[in-house]
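S.K.: Here the sequence shown stands for residues 58 to 94, where the numbers follow this note's numbering.
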Amino acid sequence: MFGDGSKLRRAGFTQMQATDEMFFSLFAQLRAARIIP
């Protein structure tokens, strides 16, 4: 877990995605690719 995201923002990573949204998106992609049911 990261305590400070300032280095990431300085490196250009300015957009953040909530953890639950990330997992839902990942599982949707895996289902679309028929990797998981």
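Glycine is no exception: its CB is placed at the ideal position from the N, C-alpha and C atoms.
Predicted model, so just to flag it, every value in this text is computed and none were measured.
Is DSSP giving residue 77 helix, strand or coil here?
M.R.: Of the three classes helix, strand and coil, the one that applies to residue 77 here is helix, per DSSP.
S.K.: Since residue 66 is in the alpha helix (DSSP H), which residue starts that stretch and which ends it?
M.R.: Segment 63-67, the alpha helix (DSSP H) holding residue 66.
S.K.: Apart from the five residues just before and just after residue 67, which ones in its own chain have a Cβ nearer than 6 Å to its Cβ?
M.R.: none
S.K.: With residue 80 and residue 93 assumed to form a contact (beta carbons below 8 Å), what rounded beta-carbon distance in angstroms separates them?
M.R.: Rounded to the nearest angstrom, the Cβ distance from residue 80 to residue 93 is 12 Å, too far for a contact under 8 Å.
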